[in-house]
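*Asks:* Numbering-wise (full-length UniProt numbering), the sequence shown opens with residue 1 and increments by one.
Here it is: the structure, laid out below.
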Amino acid sequence: MKDYGFYPTVESCNVYVSSLLDLHRADVALAFYREMRRCRISPNVYTLNMVMYAYCRVGKLENAVEVLEKMESMGFSPTIVSYNTLIAGHCDKGLLSAAVKFKNLMVKNGLHPNVVTFNTLIDGFFKQGKLPEANRIFSEMKALNVAPNTVTYNTMINGYGQAGISEMGSRLFEEMSKDRVNADILTYYGLILGLCKEGKTKKAAYLVKELDKKNFVPNASTFSALVGGQRVRKNSDRAFLLYKSMVRSGYHPDEHTFKMLLSSFCNNRDFDGAVEVLREILFLIQAYYLIYVWDFNAVEKKNG
């Protein structure tokens with residue numbers, strides 16, 4: 001366009017930048033933004049929010065913060081999206097103190113944190129294993145009358161599930177039902193995970209039956225959690241049967257599932273069972289290789 005003397009509008013540039021970010025090409029989006037500035041196309045607040053997001057994606061948090069600091073001099077006021085972007089970027093890097101500072105700065109500048117703000121912080125604290133801090137943010141959220149949604153509760157329940165604290169997960173599930181927030185498959189996965197980590201496999205199996213009643217289909221993670229539960233109970237044969245059920249249901253076990261199976265048999269000194277698991281791993285490797293070869297040959301014939 002510019003070769004013919006025409007320059008795109010900031011709105012059309014924003015569409016292009018947004019598309020690049022959807023394609024996970026933050027590097028190209030930033031290069032395009034630099035070209036925009038070189039061509040003297042003035043950005044708007046939406047452009048700058050996307051530029052901050054792009055900098056966060058490529059790990060350049062200092063540059064993202066610099067964009068926020070320059071906003072006012074460019075005639076723009078940062079929005080909730082601006083702050084949420086920086087909060088998410090810092091949480092992804094485990095820089096939780098900085099993330100909280102941006103939340104406080106948001107409030108200082110007259111903006112109210114929303115459900116996305118709190119969900120991001122809660123997730124960040126759980127990923128760092130800081131359960132009391134995550135719970136404090138959850139309490140602050142409710143105190144400010146920001147209604148927790150399904151994502152909020154799922155993050156909390158899964159966080160406590162990962163820590164093997166099923167009682168807290170159950171309490172949160174009750175609270176979720178009381179607040180009429182819809183549960184989904186991820187909610188049940190978090191509950192099942194917590195129970196399995198504590199070896200409460202019967203209660204976990206009951207929840208799996210509840211999934212059927214609610215037309216939720218157990219996913220690979222659910223099966224892996226159940227396998228882990230049997231490992232805790234040192235029931236390696238039952239763990240292997242669950243693995244077989246997982247494969248029959250069309251789910252692909254991952255490295256974590258096989259590690260749990262192997263350790264379960266080895267801890268029980270059932271080395272014949274461990275060898276059987278190794279055979280399963282080799283069988284799947286061969287199967288995936290054959291599928292890859294068939295697909296490759298099919299593409300070659302089509303293009304040939």
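Cβ coordinates follow ideal geometry from the N, Cα and C atoms, glycine included.
Since we're looking at a predicted model, the values are computed, not measured.
When the Cα of Lys252 is compared with those of Asn219, Arg279, Asp237, which residue comes out closest?
*Replies:* Here residue 252 is His; the residue named in the question, Lys, does not match the sequence. The residue with the shortest Cα to Cα distance from His252 is Asn219.
*Asks:* Taking C-beta to C-beta, are Asn182 and Val151 nearer than 8 Å?
*Replies:* Going by C-beta atoms, Asn182 is not nearer than 8 Å to Val151.
*Asks:* Using only the alpha-carbon positions, how far apart do Asn145 and Leu241 sit?
*Replies:* Near 47 Å, if we compare the C-alpha coordinates of Leu241 and Asn145.
*Asks:* To the nearest angstrom, how far is it from the Cα of Ala26 to the Cα of Leu20?
*Replies:* Cα-Cα distance, rounded: 7 Å.
*Asks:* Distance, Cα to Cα, Asp272 vs Glu175?
*Replies:* Spanning the two alpha carbons is a distance of roughly 46 Å.
*Asks:* Hey, is the segment 126-139 in contact with the segment 152-166, meaning 3+ C-beta pairs nearer than 8 Å?
*Replies:* Contact holds: three or more Cβ-Cβ distances are below 8 Å.
*Asks:* From the DSSP output, in three-state form, read off Val299 for me.
*Replies:* For Val299, the predicted model reports a pLDDT of 49, less than 50, meaning its position is unreliable and no value from the coordinates is stated.
*Asks:* Leaving aside the five residues before and after Leu61 along the sequence, list all residues of the same chain whose C-beta is less than 6 Å from its C-beta, in chain order.
*Replies:* So the qualifying residues of the chain are Gly89.
*Asks:* Using a Cβ-Cβ cut-off of 6 Å (strictly less than) and excluding sequence neighbours within five positions of Tyr16, which residues of its own chain qualify?
*Replies:* The answer is none, since no qualifying residue turns up.
*Asks:* Secondary structure at Glu174, three-state DSSP: helix, strand or coil?
*Replies:* Looking at Glu174 - three-state DSSP - the assignment turns out to be helix.
*Asks:* Cα separation between Met1 and Met52?
*Replies:* Because Met1 sits at a pLDDT of 47, beneath the cut-off of 50, its placement in the model cannot be relied upon, and the following sentence gives the value as read from the coordinates. Computed Cα separation, rounded: 26 Å.
*Asks:* Given that a residue counts as buried once 16 or more other Cβ atoms are within 10 Å of its Cβ, and exposed if not, what is Tyr4?
*Replies:* Only weak support exists for where Tyr4 lies, its pLDDT of 48 falling under 50; the value from the coordinates is given anyway. With fewer than 16 other Cβ atoms within 10 Å, it is exposed.
*Asks:* Nearest-angstrom Cα distance between Asn235 and Met260?
*Replies:* Computed Cα separation, rounded: 11 Å.
*Asks:* Tell me the rounded alpha-carbon separation between Thr85 and Cys56.
*Replies:* Going from the Cα of Thr85 to the Cα of Cys56 covers about 8 Å.
*Asks:* Thinking C-alpha only, which one of Gln162, Val275, Pro43 is nearest Ser221?
*Replies:* Ranking Gln162, Val275, Pro43 by Cα distance to Ser221 puts Gln162 first.
*Asks:* Does His24 come out as helix, strand or coil in the three-state DSSP assignment?
*Replies:* The answer is coil: DSSP assigns His24 none of H, G, I, E or B.
*Asks:* What is the DSSP secondary structure of Pro218, counted as helix, strand or coil?
*Replies:* In this structure, Pro218 counts as coil in the three-state DSSP scheme.
*Asks:* Closest to Glu11 by CA distance: which of Arg34, Ser42, Leu30 is it?
*Replies:* Closest by alpha carbon: Ser42.
*Asks:* With 16 as the cutoff for other CB atoms within 10 Å, does Tyr160 come out buried or exposed?
*Replies:* Per the 10 Å Cβ criterion, buried.
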